[in-house]
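In what follows, a single structure is set out as structure tokens and then discussed.
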Amino acid sequence: MSGRTIVTIAVLSLFTLETGCVPPPRATGQLESSGGAVQVSGIDPLFLPPSPDTIPGDQRGDAIRMGYLMVVETQEYGKRYVGNALNCTNCHLDGGVNPNTASFVGISVLYPEYRARAGRKMSLADRINECFERSMNGEALPPESTKLSAIVAYIEWLSQNVPPGSTVPWRGIPRLTSTHPPDPAKGKNVFAVKCAFCHGTDGQGTMAAPPLWGERSYTIGAGMARVGVAASFIKANMPRGWGWTVTDDEAFDAAAFINSQPRPDFPGKVHDWPKGGKPADVPY
Ligand code: HEC
Ligand code: HEC
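Just so we're aligned: 301 in the numbering used here is position 272 of the sequence shown, and the numbers increase by one with no gaps anywhere.
Written as structure tokens, this is what we have:
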């Protein structure tokens, strides 16, 4: 668990959070205040997402709010650029505020950054577009897009209490490592017992949860298509509201099963890792 302490969902009430099976994880479209700074215990003291009360009442505030909507209601506000049934918040849980799953808090201080997959330096906007293309099976937003700069503004606002130069220790997904060979056949059983009642027996999603494979899911070029990444996400966050309850082997087996199912191709994959360094669990 990479030295990180377990953080419960309950403390993360920055926005109206909904966990469990019903209702579906749709945002209300409104930022709601928790009435003060958000307290998160057991994680780095710099993990300080600001209170929505501090969103400025000017144009920048409008951009921050639009960025939030793009993240939680991507299907609606980012429709043109999305090719599947997901919203950013389905993986970057709680609008990117949850520290267990590639949180947006603090990350703007890390960009621009060299990325081995692309073999070049990337801006935060470039990185957002990678998720549009790969995780959302969609299209990159044009550099001048106000919706793209809105997402950047939202992430910068979430990062404002993290000083430049910080390494953002909570970055990414708490990484699960295992010597257990992931077994999709066992994963099929884990899926039936612990996942299907929300994600559907066919994995195509329900009112309660998004699809896990098929045409409406993430592409094979997405980070989540790597078994190690999906296993880590599942361990820390699934079943939704009951993170850290499946065993490590169950997380790996379920990840292997889900990622052995059909999903959209990502033709741009031929350009990935041009200078080498491709992780072993990349499925291409
Ligand atoms: C299917 C799951 C999924 C969806 C949907 C998704 N992402 Fe991601 N995203 C990931 C994963 C996995 C990572 C890499 C995490 C890691 O490196 O540990 C990531 C990384 C990122 C990063 C870089 C984080 C960092 O630490 O530098 C940004 C920014 C980002 N995503 C934005 C978005 C936005 C905006 C959307 C919606 C348009 C989106 N993502 C949709 C899974 C997803
Ligand atoms: C209680 C309902 C529930 C159960 C059970 C559940 N999930 Fe989820 N899952 C969700 C919800 C809801 C989301 C989206 C989270 C959000 O938007 O806040 C999600 C998101 C995901 C995602 C990322 C988004 C996507 O659709 O690709 C994966 C992967 C995932 N779940 C895998 C699993 C696995 C594997 C299991 C079984 C171990 C599981 N889930 C059990 C509700 C559930």
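Don't be surprised by glycine CBs; every beta carbon is placed ideally from N, CA and C. Predicted model only: the values in this text are computed from it and were never measured.
Check the Cα spacing between L75 and each of K176, D294, P193, C160: the tightest is with P193.
N218 sits away from A259, with the two beta carbons spaced by 8 Å or more. At least one heavy atom of ligand 2 lies less than 7 Å from the C-beta of H228. Burial of E279 is indicated by the presence of at least 16 other C-beta atoms within 10 angstroms of its C-beta.
Residue side-chain check: N119 places its Cβ nearer than 7 Å to a non-hydrogen atom of ligand 2. Here DSSP, grouped into helix, strand and coil, assigns R292 to coil. In this structure, V275 has its beta carbon less than 7 Å from a heavy atom of ligand 2.
R255 and E105 have their C-alpha atoms spaced approximately 27 Å apart.
Cβ-Cβ distances below 7 Å link E244 to P293 in the same chain, with the five nearest sequence neighbours on each side left out; the list follows chain order. Bounds of the alpha helix (DSSP H) holding R156 are 153 to 163. If only uninterrupted alpha helix (DSSP H) runs of at least 4 residues are considered, those enclosed by the stretch 214 to 250 are 225 to 228. When C-beta atoms of the stretch 98 to 116 are compared with those of the stretch 165 to 176, three or more pairs fall below 8 Å, so the two segments count as touching.
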